[in-house]
Amino acid sequence: MNLYTFASPVTFYHLAGKLIPWFTWSAILLTVVGLYLSFFVAPTDFQQSEAYRIIFIHVPAAWMSMFIYLVMAFWGAIGLAFNTRLSFMMARALAPTGAIFTFIALWTGAWWGKPMWGAWWVWDARLTSELILLFLYVGIIALWAAIDDIKRGDRAGALLTLIGAINIPIIYFSVKWWNTLHQGASISLTKAPSMAKIMLIGMLVMAIAAWFYTIAVALVRVRGIILERERQSEWVKEILERET
Amino acid sequence: MHRFILAVLRRDLTLAARRRGDWLIAQFFFVMVASLFPLGVGPEPEMLARIGPGVLWVAATLASLLSLSRLFADDHHDGSLEHMVLSPEPTVLLVLGKSLAHWLIYCIPLLIIAPVLGIQFNLPWDAILVLEISLLLGTPILSLLGGVGAALTLGLRGGGVLLTLLILPLYVPALIFGAGAVDGVMAGTGAQAHLSLLGAFMVLSLMIAPWIAAAALRVSLE
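Structure (structure tokens):
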């Protein structure tokens with residue numbers, strides 16, 4: 009019994025089944041604690057009043073949107089290098105959650121931007137890169153959807169994820185540069201105001217909650233993918249018979 | 006090694022020369038997209054000069070995308086692509102040769118037409134010169150990254166639209182540096198920084214994109 013045992017879909021299916029409740033309940037608990045901290049404990053901001061509280065959702069979502077993409081690229085690279093089926097399944101299971109977090113980050117960013125900047129949208133480097141990240145997620149999901157052959161879809165998606173991962177830093181810096189040339193420094197996101205400790209803690213708790221939620225959802229989804237792909241095998245038939 | 010690339014190149018150029026309609030369509034597309042903008046936003050010369058670099062770059066990007074879905078598709082259709090991939094020569098060189106041929110057939114003519122459109126958009130001569138340099142440095146990126154997209158979407162239903170969806174986000178840096186260089190000249194800040202970055206991005210694409218496209222091609226043909 010070593011780590012490679014869990015690279016087989018059969019063992020991982022059962023392991024994931026055991027892990028899901030833990031991650032789900034931790035995510036729920038942390039979300040409750042995090043929301044309590046953000047809305048009742050954290051003080052009202054001196055400059056931004058109550059509206060700043062949206063960052064407790066916005067910042068974790070933005071972090072997760074980028075982090076999940078990197079994890080997808082990691083699984084894609086592992087899958088391509090070692091030819092492990094489970095890695096590709098993990099990448100597929102993560103993508104929808106990543107796209108949703110990207111969307112949430114953009115949406116809450118707009119809600120925060122309206123009272124703060126007086127505009128729903130500005131062509132700032134971070135906003136624009138986040139939008140392009142959403143395009144990349146959509147492209148990958150669309151590519152998977154268009155390819156019927158599982159093996160080809162897995163590999164094609166992994167290659168696209170990788171070239172996107174190489175491109176994201178370049179996109180970020182190009183957009184940042186473009187923005188400073190075009191717009192002048194009317195709005196600066198980078199001068200981070202010194203944050204009260206309790207605000208930071210609330211944000212971190214929410215980030216860990218988002219993390220656990222992602223793991224739980226990805227595991228549920230990967231279990232579904234495993235069942236779908238292994239539906240011809242004996243052990244899946246046994247499970248299905250037991251459960252119906 | 007270079008003989009294989011030359012052979013691929015000669016073959017694609019011969020095919021293009023015998024089907025002249027194909028590459029002319031892309032050029033007319035470029036002209037038409039660029040001509041639609043003055044009709045849409047109004048003919049004031051100052052505004053046209055202001056949006057000109059961006060519009061011409063976007064139009065050039067779209068025109069090169071238009072032809073990309075057929076980069077491998079025709080050869081895939083008649084089966085010759087599989088033979089070329091199965092040949093002992095590395096697939097990377099095949100991809101490199103094909104991307105180079107795409108650049109020569111579809112992007113070099115864009116360079117020839119671009120000054121005319123630049124005059125239409127009321128760009129000064131030094132800006133047109135920089136536009137040419139930026140297109141010269143930037144369009145290889147379009148062909149190289151496009152090769153990845155074409156290989157990934159080979160033989161899929163709705164492959165053309167999907168290709169656009171996959172590749173356009175990756176073109177963003179080329180667009181920004183390319184149009185930014187022309188803007189820089191017109192704003193008086195100089196174009197050198199943008200052009201250097203564009204060149205760096207081109208070299209990076211040249212080093213990475215053919216390998217990924219070759220891997221994608223093998224995946225698609227399995």
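Heads up: the protein sequence lines correspond to chains A and B, in order. Read in order, the letters of the first sequence correspond to residues 9 to 252 in the numbering used here. Read in order, the letters of the second sequence correspond to residues 6 to 227 in the numbering used here. Beta carbons: idealized from backbone N, C-alpha and C, even for Gly.
Identify, in the order they occur along the chain, each residue of the same chain with its Cβ nearer than 8 Å to the Cβ of A/LYS199, setting aside the five sequence neighbours on each side. Unreliable placement is indicated for A/LYS199, whose pLDDT of 49 sits below 50; the coordinate value is still reported in the next sentence. Answer for A/LYS199: no residue qualifies.
Taking buried to mean at least 16 other C-beta atoms within 10 Å of its own C-beta, is B/LEU140 buried or exposed? Flag for B/LEU140 reads buried.
Nearest to A/MET80 by CA position, among A/ALA101, A/THR52 and A/TRP71, is which residue? In this structure, A/ALA101 is the residue among A/ALA101, A/THR52 and A/TRP71 with its C-alpha nearest to the C-alpha of A/MET80.
Of all Cβ atoms in chain B, is any one closer than 8 Å to the Cβ of A/ALA103? Using beta-carbon distances, A/ALA103 does not count as an interface residue toward chain B, since no partner is under 8 Å.
Please determine, among B/LEU116, B/ALA192, B/MET52 and B/SER72, the residue with the shortest C-alpha to C-alpha distance to B/ILE30. That would be B/SER72, whose Cα lies nearest to the Cα of B/ILE30.
Determine the closest residue to A/VAL41 out of A/LEU23, A/MET207 and A/SER16, with distance taken between C-alpha atoms. Checked all of A/LEU23, A/MET207 and A/SER16; the closest Cα to A/VAL41 is A/MET207.
When you compare the segment 44-54 of chain A with the segment 227-243 of chain A, are there three or more beta-carbon pairs, one atom per stretch, that lie closer than 8 Å? Touching, no, given that fewer than three Cβ pairs across the two stretches are closer than 8 Å.
By Cβ distance below 8 Å, which residues in the same chain neighbour A/PRO104 in space, the five residues on each side in sequence not counted? Spatial neighbours of A/PRO104 in its own chain (CB-CB distance under 8 Å, excluding positions within 5 residues in sequence) are listed in chain order as ILE149 and ARG229.
For the alpha helix (DSSP H) holding B/SER72, just list the boundary residues, first then last. If you look at B/SER72, you'll find it in the alpha helix (DSSP H) that goes 50-73.
So, are the CB atoms of A/ALA99 and A/ALA166 less than 8 Å apart? It is a contact, given that the beta carbons lie within the stated cut-off.
Contact criterion: CB-CB distance below 8 Å. Does B/ALA78 meet it with respect to chain A? Judged by the 8 Å Cβ criterion, B/ALA78 is not in contact with chain A.
8 Å Cβ shell around A/TYR77 - same chain, five flanking residues per side excluded: Answer for A/TYR77: GLY106, LEU141, LEU144, TYR145, THR169, GLY172, ALA173 and ILE176, listed in chain order.
Work out the CA separation of A/MET72 and A/PRO29 for me, nearest whole Å. Cα-Cα distance, rounded: 21 Å.
Grab me the residues of A/LEU197's own chain with a C-beta within less than 7 Å of its C-beta, minus the 5 sequence neighbours each way, in chain order. Note that A/LEU197 scores a pLDDT of 49, beneath 50, so its modelled location is shaky; the value from the coordinates is reported in the next line. Same-chain partners within the cutoff: ASP132 and ARG134.
Throw me the rounded Cβ distance for the B/LEU70 and B/THR158 pair, which I believe falls under 8 Å. Approximately 12 Å separates the beta-carbon atoms of B/LEU70 and B/THR158; this is outside 8 Å, ruling out the contact.
Determine the DSSP secondary structure at A/SER16, reduced to helix, strand or coil. Of the three classes helix, strand and coil, the one that applies to A/SER16 here is coil, per DSSP.
For B/ALA106, is the classification buried or exposed, using 16 other Cβ atoms within 10 angstroms of its Cβ as the cut-off for buried? With 16 or more other Cβ atoms within 10 Å, it is buried.
Whole-angstrom distance between B/GLU94 and A/ALA127, CA atom to CA atom: So the alpha carbons of these two residues sit roughly 56 Å apart.
Does A/SER263 come out as helix, strand or coil in the three-state DSSP assignment? Only positions 9 to 252 of chain A appear in the structure, and residue 263 of chain A is not among them; the question remains open.
Residues of chain B with CB under 7 Å from A/GLY147, in chain order? LEU170, LEU171 and PRO174, listed in chain order.
Which whole-angstrom value describes the C-beta separation of A/PRO68 and A/MET214, a residue pair presumed to lie in contact below a C-beta threshold of 8 Å? Yes, they are in contact, since the Cβ atoms of A/PRO68 and A/MET214 sit about 5 Å apart, within 8 Å.
Taking C-beta to C-beta, are B/GLY143 and B/ILE172 nearer than 8 Å? Cβ distance not < 8 Å, so B/GLY143 and B/ILE172 don't count as in contact.
Assumed close pair B/ALA54, B/PHE126 - CB separation to whole angstroms, cut-off 8 Å: Between B/ALA54 and B/PHE126 a beta carbon distance of about 6 Å is seen, short of the 8 Å cut, so the two are scored as contacting.
Report the neighbours of A/TRP186 on chain B: residues whose CB is nearer than 7 Å to its CB, in chain order. Proximity of chain B to A/TRP186 at the Cβ level (cut-off 7 Å) is accounted for by ILE181 and GLY185, in chain order.
Assuming the contact rule is C-beta atoms closer than 8 Å, A/ASP157 and A/GLY87 should be a hit. Round their C-beta distance to whole Å, please. Actually they are not in contact, since the Cβ atoms of A/ASP157 and A/GLY87 sit about 15 Å apart, beyond 8 Å.
Per-residue burial, A/GLU120 [other beta carbons within 10 Å of its own, 16 or more giving buried]: Glu is not the amino acid found at residue 120 of chain A; the sequence shown has Trp there. Flag for A/TRP120 reads buried.
Drop a sphere of 10 angstroms on the beta-carbon of A/PRO123, count the other beta-carbons inside from all chains shown, and report buried for 16 or more, exposed for fewer. Its Cβ having fewer than 16 others within 10 Å, A/PRO123 is exposed.
Own chain partners of A/LEU248 with C-beta closer than 7 Å, once the 5 adjacent residues on each side are dropped: Result list for A/LEU248: empty, nothing under 7 Å.
Just tell me which of A/ALA218, A/ALA118, A/LEU94 and A/SER137 has its CA closest to the CA of A/GLU238. Distance from the Cα of A/GLU238 is smallest, within the candidate group A/ALA218, A/ALA118, A/LEU94 and A/SER137, for A/LEU94.
When you compare only the Cα positions, how much space is there between A/ILE195 and A/VAL130? The pLDDT assigned to A/ILE195 is 43, lower than 50, so where the model puts this residue is not dependable; a value taken from the coordinates is nonetheless given after this. Cα-Cα distance, rounded: 9 Å.
Thinking A/ALA35 and A/TYR221 are a contact (beta carbons under 8 Å), I'd like their distance in whole angstroms, please. Right, their Cβ atoms sit about 4 Å apart.
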